[in-house]
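A quick write-up on the structure given underneath.
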Amino acid sequence: MPPEQARSAPSFPGNLPGGLSIILPAFNEALAIGGVVGALRQAFPEAEILVVDDASTDGTGPLAAAAGARVVRHPRNLGNGASVKTGARQARGEILVFMDADGQHRAADIPGLIALLGEGYELAVGARQADSHASRSRLLGNRLLNRVASLLTGHPIADLTSGFRAMRADTFRGFLFLLPNGFSYPTSSTMAYLRSGHPVGYLPIRAGRRRGQSKIRLLRDGMRFLLIIVKIITLFSPARVFVPSSLLLFLLGLLRYLQTYFHEGRLTNMSVILFVASLLTFLIGLVSEQITSLHLGTSLALGSTNVREIPAATGSVRDRESPNPGDGTNPGTPL
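Here our numbering = 1-based position in the sequence shown + 3.
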């Protein structure tokens, strides 16, 4: 759905046959986690509320468990993306909703996201409005990323980096191997869905102010987001990278040839190098497209993971093996 056609929240679709899991990746969110889980528990008493504690040092896990969440804890800090992957593997519901644990996202917007899934979208994203961004620099940076990603994918993207999203568990688990362990899982998942032909819908939301300090840095993480966009496009649609690059090299070679021909009446080595580089780049893109078409749709390796679960009743810790398929990696081992 184009950004300009993003809609207001539809009505809640009713009981979900496969269950609903609301997943909150959390790292040192003690200031907000209790209130967030409490609000979710009140709004969705039948849903699974799963908090993935990424080795917090401020008591985030026990506070979430006391508020009524099921808590899974990493033995050491692995990153936001690793927490998302653990949550996807451990969740019991067929519908997954991811949201931040810092209080920015509202439980009242979840029915709208789920309703978009009921309309046929495979991924529903909460698209933040202009007045919801933490600063003007963040707003401009996100708009730039949205424009670049829209150009590369050929689809309008309303909010590339929003962590508030809903999806079907079976489809999302098929993309876990693509997700990085850092903060760019929204970017990777959105690009992967679009390039795989899955429809993505957007729901306009207004995010609140987070409680605590943001762990995202504009310049550092912005460059990572741009690199991830290129990587995902190269993986799913390499022609969008290689063909323009090949055309650019050809035009540079042609301009160099015309310049030397009219001034010196000859073809220089630089022109030949640029023409050859253009041809090789085009051929690499052609082969990459064939490889991509062969790999899309292949089955992914299934694996089990060992994590520690903190029960809501006692707060004790025990080992638990995940019954859900993952991406073949252990959450305790960084990629």
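Every residue, glycine too, gets a C-beta built ideally from N, C-alpha and C.
Predicted model only: the values in this text are computed from it and were never measured.
Do L252 and L289 have their CB atoms nearer than 7 Å? Contact flag unset, no.
From R176, L254, V279, residue whose alpha carbon lies closest to that of L126:
R176
message: Is the beta carbon of G90 closer than 7 Å to that of L43?
response: Remark: C-beta atoms of L43 and G90 do not approach each other more closely than 7 Å.
Decide yes or no for the touch test of the region 202 to 212 against the region 177 to 184: beta carbon pairs closer than 8 Å, at least 3 of them. no
Reduced DSSP category for S296 - H, G, I as helix; E, B as strand; rest coil
Correct three-state label for S296: helix.
Task: Beta-bridge partners of L99, as assigned by DSSP - done: BP columns for L99 point to S24, M170.
- request: For the beta strand (DSSP E) containing R131, list its first residue and its last residue.
  value: 126 to 131
Excluding the 5 residues flanking P31 on each side, which residues of the same chain have their C-beta closer than 8 Å to its C-beta? Checking the displayed sequence, the identity of residue 31 turns out to be Asn instead of Pro. Correct list, in chain order: S59, T60, D61, T63, G215.
* Check A29 in the structure and name its three-state DSSP category. => strand
- How would you write the range of the beta strand (DSSP E) that R345 sits in, first residue to last? With the chain represented from 4 up to 338, any question about residue 345 goes unanswered, as that position is not in the structure.
Whole angstroms are fine: how far does the CA of F167 sit from the CA of V151? Across the structure, V151 and F167 are spaced so that their CA atoms are roughly 21 Å apart.
### Query
Roughly how many whole angstroms lie between the Cα atoms of E292 and A69?
Here the alpha carbons of A69 and E292 stand approximately 51 Å from one another.
Note to self: I need the straight-line Cα distance from L305 to R92, nearest angstrom please.
What the structure shows: Bear in mind that a pLDDT of 36 at L305, under 50, signals an unreliable position, so the number given afterwards is only what the model happens to contain. Computed Cα separation, rounded: 11 Å.
Practice problem: Kindly indicate the opening and closing residues of the beta strand (DSSP E) around P65. | Solution: Here P65 belongs to no beta strand (DSSP E); instead the alpha helix (DSSP H) covers 63 to 69.
Next item on the list: Take M273 as the anchor and find which of L286, Y264, R259, R109 has the nearest alpha-carbon.
Entry: R259
Exercise for the section: Verify whether the separation of the beta carbon atoms of R131 and A35 is less than 7 Å. Expected result: no
#### Entry: D56 versus F178 - alpha carbon distance
22 Å
Would you kindly check if the distance between the Cβ of T284 and the Cβ of S240 is under 7 Å? no
Output the boundary residues of the alpha helix (DSSP H) element that contains I113. 113 to 121
| message | Among the candidates R171, I208, A133, G123, whose CA atom is the shortest distance from the CA of G109? | response | Here residue 109 turns out to be Arg, not Gly, going by the sequence shown. Out of R171, I208, A133, G123, I208 has the C-alpha closest to the C-alpha of R109.
query = How long is the line joining the alpha carbons of L147 and H158, rounded to whole angstroms?
reply = 15 Å
Exercise. Who are the Cβ neighbours of P16 in its own chain at under 7 Å, not counting the five residues just before and after it?
Worked result: Unreliable positioning characterises P16 in this predicted model, as indicated by a pLDDT of 47, which lies under 50. The coordinate reading is nonetheless provided below. Around P16: I117, A118, G121.
Assigned exposure category for Q45 - 16 Cβ within 10 Å defines buried
Exposed, because fewer than 16 other Cβ atoms sit within 10 Å of the Cβ of Q45.
*asked:* So within the region 239 to 296, which uninterrupted alpha helix (DSSP H) runs reach at least 4 residues, ignoring any that extend past its ends?
replied: Correct list: 242 to 267.
message: Nearest by alpha-carbon distance to Y124: which of D162, L197, L155 is it?
response: L197
Reference S191, options A172, T164, M170, closest by Cα:
Selection A172, T164, M170 evaluated against S191 yields T164 as nearest (Cα-Cα).
Original post:
Cβ of I26 within 6 Å of any heavy atom in the ligand GDP?
Top reply: Absence of the ligand GDP from the depicted structure is noted, as is the absence of any ligand whatsoever, leaving it without description.
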